[in-house]
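Structure first, commentary second.
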Amino acid sequence: MDGIERAITPRLLAALSDTPAVMLVGPRQAGKSTLVQALASGPHPARYLTLDDLRILEGARRDPVGLIESADRPLIIDEIQRAPELLLPIKAAIDRDRRPGRFMLTGSAQVMLLPSVSESLAGRVEVHTLWPFSQAEIEGAAPRTVELLLAPASEPPPATASSRGELIERIVRGGFPQAIARDDDRRQQWLSAYLTTIVQRDLRDLANIERLAEVPAVLTSLAARARAPLNLTEVASSVAIPRTSLHRYITLLEHVFLLCRLPAWHTNLIKQISKAPKLLICDSALVAHLLRADRGRLREDAPLLGVLLECFVGMELAKQLSAVAAPRAALYHMRTATGAEIDFLLEGADRRLAGVEVKASSTVRGDDFKHLAGVRDRIGERFVRGVVLYAGGERVSFGERLEAWPLATLWGGAQPR
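Be aware that the sequence shown starts at 180, since it is given in our numbering, and climbs by one per residue.
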C-alpha cells in the first residue's frame with residue numbers, strides 16, 4: 180500500500196513551520212516511520228535516526244547530550260520512547276535555539292504521559308496521533324465526515340450503498356499498512372505476530388508485568404464488550420484477574436495505542452447518564468482477529484457484525500479527528516441508566532453537537548432515531564443533527580435535524596485529494 184497520502188500531513192507541516200519540536204505518536208506499524216521519512220526526503224529535509232537500530236540506541240543512551248548537540252540540521256528521531264534520556268538534551272537545545280522544525284519525534288507509546296517528559300517538553304512540542312489508514316485514505320478521498328456532521332447547512336455528497344460483503348471486507352482488512360498488503364491467512368499470521376511484539380516488547384519496556392500472557396485474553400474480553408460502557412468488574416471476572424491488575428493492563432494498552440478511550444458525554448439536561456467510558460480497539464482487523472470473526476462467521480452472526488461495525492465506525496471518526504485541522508471536536512458516547520444510548524457524539528469547540536448511530540442494515544426506520552430525537556429535544560439548537568449511518572445508498576430525512584446517511588459517506592462521498 181505504498182504511495183497512500185496521509186491526511187495528517189498538512190497538519191504536521193504546519194506544526195513544523197512554527198514549533199521547535201513535533202511529536203508523532205500512534206500504534207506500532209501505523210505508518211509513522213514511512214511518513215516522517217517521506218517528510219525528511221521531501222518538504223522537511225532532516226536527518227533521520229531510528230532507535231530500533233540497536234547501535235543508534237546504544238549511542239543515544241550512552242551519550243544523549245552528544246547526539247543532540249552534534250546535530251547540524253533538523254533531526255527526526257524514530258521511537259523516542261526507547262531512549263527518554265534524549266528528551267532533556269532536546270529541551271536544552273530548544274531553549275538555546277527555538278527555531279521551528281528542529282526536532283521531529285515519533286513514538287509507539289505515550290511518552291508525554293510520563294511526568295518528567297511532559298514537564299521537560301511543555302510548551303516546546305506539539306503532539307499529533309497517527310492511526311492506521313482510514314478508509315478515506317485508502318480510497319484517496321479527503322476525510323470530511325466530521326466537518327459535514329457539525330456544519331448545520333451541510334449536505335453529504337452522494338455515496339453508494341454498501342453490501343454486507345463490502346462492509347465485512349473493510350472490517351476484516353482494517354487499516355494497518357502491512358496487514359492490508361497480505362491475503363487472509365498471511366494477515367492472520369501478521370496480526371498474531373503483531374500482538375506478540377506489543378506484549379513481549381513494548382509492554383515489557385513500559386512496565387514490569389509478571390503475567391504478560393494474560394494481556395491477549397484481556398484484549399479479547401474488551402473487544403467482545405466494545406459496544407457497552409466499561410465494566411471493570413465484569414471484565415476482570417471473565418479473565419479471572421483482580422480489578423487492580425485489569426486497570427493497570429488497560430492503562431498500559433492505552434499507552435501503546437491498542438486501545439482508544441471514548442469518554443462518556445454528560446449534561447445536566449439529561450438525568451442518570453453513565454460516566455463509564457467505552458474502549459475502542461485501534462483497528463477493526465485486530466478486533467476480528469481477537470474474536471476469530473472471519474468473513475463466514477460475520478455473514479451469519481448479525482450481533483457480532485454489529486459489534487465490529489460500531490468499532491470500525493468509531494475508529495474512522497477518531498482517525499478523522501486526529502488528521503484534520505478543522506473543525507476541532509471531541510468524540511464521546513452516551514448511555515443513560517434507563518438504556519437510552521447513542522453510539523457516538525461529536526462536540527465541537529463551539530459546543531455544537533452531532534449524534535451518530537450505526538446500523539449494518541440497508542434499511543432505516545423511524546424508531547432508529549428515538550434516542551437521537553430525545554437528545555435533540557433536550558439540548559435544543561446546540562444539537563446540529565442526528566445521523567444514522569446505514570448500509571443503504573440514499574440520504575433520507577426522518578424529521579427535524581434527523582437524517583440517514585450511507586456508511587460509505589465515511590470513505591466514498593468526498594472529493595478525491
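By construction, the Cβ of each residue, glycine as well, lies at the ideal position given by its N, Cα and C atoms. Fair warning: this is a prediction, and the values are worked out from it, not measured in the lab.
To the nearest angstrom, how far is it from the Cα of ARG241 to the Cα of LEU488? If you number the sequence shown from 1, residue 241 lands on position 62. If you number the sequence shown from 1, residue 488 lands on position 309. C-alpha of ARG241 to C-alpha of LEU488: approximately 47 Å in a straight line.
I'd like to know if the stretch 210-218 and the stretch 241-254 are in contact, where contact means that at least 3 CB-CB pairs between them fall below 8 Å. The stretch 210-218 is not in contact with the stretch 241-254.
Alpha-carbon spacing of ALA481 relative to GLU560, whole angstroms
For the purposes of this step, residue 481 is taken as residue 302 along the sequence shown, with counting starting at 1. For the purposes of this step, residue 560 is taken as residue 381 along the sequence shown, with counting starting at 1. Each residue's alpha carbon lies about 35 Å from the other.
*Give a yes or no on whether 9 Å exceeds the smallest Cβ distance from ALA321 to chain B.*
In the structure shown, chain B does not exist; there is a single protein chain.
Check: If we call anything under 9 Å between Cβ atoms a contact, is GLY302 one with SER196?
Finding: Within the sequence shown, numbered from 1, the residue matching residue 302 stands at position 123. Within the sequence shown, numbered from 1, the residue matching residue 196 stands at position 17. Cβ distance not < 9 Å, so GLY302 and SER196 don't count as in contact.
At the level of alpha carbons, what is the spacing between THR430 and LEU191? Indexing the sequence shown from 1 puts residue 430 at position 251. Indexing the sequence shown from 1 puts residue 191 at position 12. Approximately 27 Å between the Cα atoms of the pair.
Inset, instruction - Would you tell me roughly how many angstroms separate the C-alpha atoms of GLU305 and PHE282, rounded to the nearest one? - result: Position 126 of the sequence shown holds residue 305. Position 103 of the sequence shown holds residue 282. Each residue's Cα considered, the two are about 11 Å apart.
By alpha-carbon positions, which one of LEU230, ILE460, HIS426 and GLY485 ends up nearest to MET494? Taking the first residue of the sequence shown as 1, we reach residue 494 at position 315. Comparing Cα positions, the closest option is ILE460.
Note to self: Going residue by residue through the stretch 450-476, where are the continuous alpha helix (DSSP H) segments of at least 4 residues, counting only ones entirely within it?
What the structure shows: List check, alpha helix (DSSP H) in window: 463-469.
Considering only heavy atoms of the ligand ZN, does any lie closer than 8 Å to the CB of LEU370?
You won't find the ligand ZN in this model; it holds no ligand whatsoever.
### Task
Thinking LYS538 and VAL575 are a contact (beta carbons under 8 Å), I'd like their distance in whole angstroms, please.
One-based indexing of the sequence shown puts residue 538 at position 359. One-based indexing of the sequence shown puts residue 575 at position 396. At roughly 12 Å, the Cβ-Cβ gap does not stay under 8 Å, so LYS538 and VAL575 are not in contact.
Exercise for the section: With a threshold of 16 other CB atoms inside 10 Å of the CB of ARG352, please say whether the residue is buried or exposed. Expected result: Residue 352 sits at position 173 when you count from the first residue of the sequence shown. The residue is buried, with at least 16 neighbouring Cβ atoms inside 10 Å.
Q) Is it right to say PRO199 is buried, meaning 16 or more other beta carbons lie within 10 angstroms of its own, or is it exposed? A) The sequence position of residue 199 within the sequence shown is 20, counting from 1. The residue in question, PRO199, is buried, as its Cβ has 16 or more Cβ neighbours within 10 Å.
- Query: What separation, rounded to the nearest whole angstrom, lies between the Cα atoms of THR446 and LEU218?
  - Reply: Here residue 446 refers to the residue found at position 267 of the sequence shown. Here residue 218 refers to the residue found at position 39 of the sequence shown. THR446 and LEU218: Cα-Cα distance of roughly 43 Å.
For PRO222, name the three-state secondary structure that DSSP assigns. Locating residue 222 in the sequence shown gives position 43, counting from the first residue. Residue state, collapsed to three classes: coil.
Starting from THR308, trace the beta strand (DSSP E) in both directions and tell me its first and last residue.
As a working note, residue 308 is residue 129 in the sequence shown. Taken as a continuous stretch (DSSP letters only), the beta strand (DSSP E) holding THR308 covers 304-308.
Run of the alpha helix (DSSP H) containing ARG349, from where it starts to where it stops: On the sequence shown, residue 349 is found 170 positions in, with the first residue counted as 1. Residue range 343-352 is occupied by the alpha helix (DSSP H) that includes ARG349.
Exercise. Between the Cα of VAL394 and those of THR375, ALA407, PHE577 and HIS550, spot the shortest distance and give me the residue it belongs to.
Key: Locating residue 394 in the sequence shown gives position 215, counting from the first residue. VAL394 has its Cα closest to that of THR375, out of THR375, ALA407, PHE577 and HIS550.
| Residues sharing a beta bridge with ILE256, DSSP | By 1-based counting over the sequence shown, the position of residue 256 is 77. In the DSSP output, where bridge partners are listed per residue, ILE256 has LEU228 and LEU284.
Open item on the list: What ranges does the alpha helix (DSSP H) occupy inside the stretch 394-448, keeping only unbroken runs of at least 4 residues that lie completely in it?
Closed with: For the stretch 394-448, whole alpha helix (DSSP H) runs of length 4 or above, ordered along the chain, are 394-403, 411-418 and 422-434.
**Asked** Alpha carbon to alpha carbon, how far is PRO408 from ASP232?
**Response** The residue you call residue 408 lines up with position 229 of the sequence shown. The residue you call residue 232 lines up with position 53 of the sequence shown. In a straight line, the C-alpha of PRO408 is about 40 Å away from that of ASP232.
Review point. Enumerated in chain order, which unbroken segments of the alpha helix (DSSP H) with a length of 4 residues or greater are wholly contained in the stretch 480-559?
Key: The qualifying runs are 481-502 and 549-558.
- For the stretch 526-541 and the stretch 317-332, state whether three or more C-beta atom pairs, one from each stretch, are separated by less than 8 Å. Short answer: they touch.
(message) What does the alpha-carbon distance come out to for the pair ASP381 and LEU469?
(response) Here the question's residue 381 lines up with position 202 in the sequence shown. Here the question's residue 469 lines up with position 290 in the sequence shown. Annotation: ASP381 to LEU469 spans about 19 Å, alpha carbon to alpha carbon.
Option nearest PRO206 by Cα separation, candidates ARG530, LEU465 and LEU581: Translated into the one-based positions of the sequence shown, residue 206 becomes position 27. Residue LEU465 holds the alpha-carbon nearest to the alpha-carbon of PRO206 among ARG530, LEU465 and LEU581.
*asked:* Looking at the strands, I want to know which residues DSSP matches up with PHE355.
replied: As a working note, residue 355 is residue 176 in the sequence shown. Note: PHE355 sits in no beta bridge, so no partner.
Residues in the same chain with beta-carbon distance under 6 Å from ALA338, minus the five sequence neighbours each way, listed in chain order, please. Looking up residue 338 in the sequence shown gives position 159. For ALA338, where only same-chain residues beyond five positions count, the Cβ hits under 6 Å are PRO585, ALA587, THR588, GLY591 and GLY592.
Nearest residue (CA-CA) to SER479, options ARG440, PRO222, PHE562 and ARG343
Walking along the sequence shown from the start, residue 479 turns up at place 300. Checking the sequence, you will find Glu at residue 479 rather than Ser. Closest by alpha carbon: ARG343.
So the alpha helix (DSSP H) VAL325 belongs to, where does it begin and stop? Working through the sequence shown from its first residue, we reach residue 325 at position 146. Residues 324-329.
Practice task
Give the range of the alpha helix (DSSP H) segment to which VAL378 is assigned.
Solution key: Start at 1 with the first residue of the sequence shown, and residue 378 comes out as number 199. From DSSP, VAL378 is part of no alpha helix (DSSP H); its letter is neither H nor E.
Where DSSP assigns a beta bridge to ALA360, which residues make up the other side? The residue labelled residue 360 in the question sits at position 181 within the sequence shown. In DSSP, ALA360 forms no bridge with anything.
Item to check | DSSP state of ARG185 mapped onto helix, strand, coil | outcome: The residue labelled residue 185 in the question sits at position 6 within the sequence shown. Coil.
- Give the secondary structure of ALA593 by DSSP, where H, G and I count as helix, E and B as strand, and everything else as coil. Position 414 of the sequence shown, counted from the first residue, corresponds to residue 593. Because the pLDDT of ALA593 is 43, which lies under 50, any placement of that residue in the model is unreliable, and the number read from its coordinates should be weighed accordingly. ALA593 falls in the coil class under three-state DSSP.
Can you check DSSP and say which residues form a bridge with ARG564?
For the purposes of this step, residue 564 is taken as residue 385 along the sequence shown, with counting starting at 1. Bridge partners of ARG564: ALA533.
Over what stretch of residues does the alpha helix (DSSP H) that includes PRO268 continue unbroken?
Taking the sequence shown and counting its residues from 1, the one referred to as residue 268 is at position 89. PRO268: member of the alpha helix (DSSP H) spanning 266-275, first to last residue.
* Start-to-end residues for the alpha helix (DSSP H) that takes in SER239 -> Your numbering for residue 239 matches position 60 in the sequence shown. Just to set this straight, residue 239 is Ala in the shown sequence, not Ser. Secondary structure note for ALA239: its alpha helix (DSSP H) is the uninterrupted segment 233-241.
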